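Q: Number 46 in UniProt numbering belongs to position 46 of the sequence shown; there are no gaps in the numbering.
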Amino acid sequence: MADKKGMSDKVKGAVNKVKGEAKDQIGNAKEDSELQQEGQKNKAKGKVQENIGKAKDDE
1 MADKKGMSDK
11 VKGAVNKVKG
21 EAKDQIGNAK
31 EDSELQQEGQ
41 KNKAKGKVQE
51 NIGKAKDDE
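1) For Gln-36, which residues of its own chain have a beta-carbon under 8 Å away from its beta-carbon, when the five flanking residues on both sides are left out?
2) At the level of alpha carbons, what is the spacing between Ile-52 and Asp-58?
3) Could you compute how far the alpha carbon of Lys-43 sits from the alpha carbon of Lys-30?
4) Check each candidate in Asp-9, Met-7 and Lys-19 and name the one with the smallest Cα separation from Gln-40.
5) Only counting the same chain, and skipping five residues up and downstream in sequence, which positions put a Cβ closer than 6 Å to that of Glu-38?
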């Protein structure tokens, strides 16, 4: 089980990245800069979560 301790963070990160990409693209299509910014924040949060998950796996 030790090899899965970062899995939760990696999954959450992936979900946030996908959600962020969708918001970013929809915001771009609708010319909604607030939605784009929200999407970019979600993508950044997802990247951080994935990195945390990878760091936990390396412990």
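Don't be surprised by glycine CBs; every beta carbon is placed ideally from N, CA and C. These figures come from a predicted structure and were not determined experimentally.
A: Walking through what the data contain:
1) Here Gln-36 has Lys-23, Asp-24, Gly-27 and Asn-28 as same chain residues with Cβ atoms under 8 Å from its own Cβ, once five neighbours each way along the sequence are excluded.
2) 10 Å
3) 19 Å
4) Lys-19
5) Lys-23
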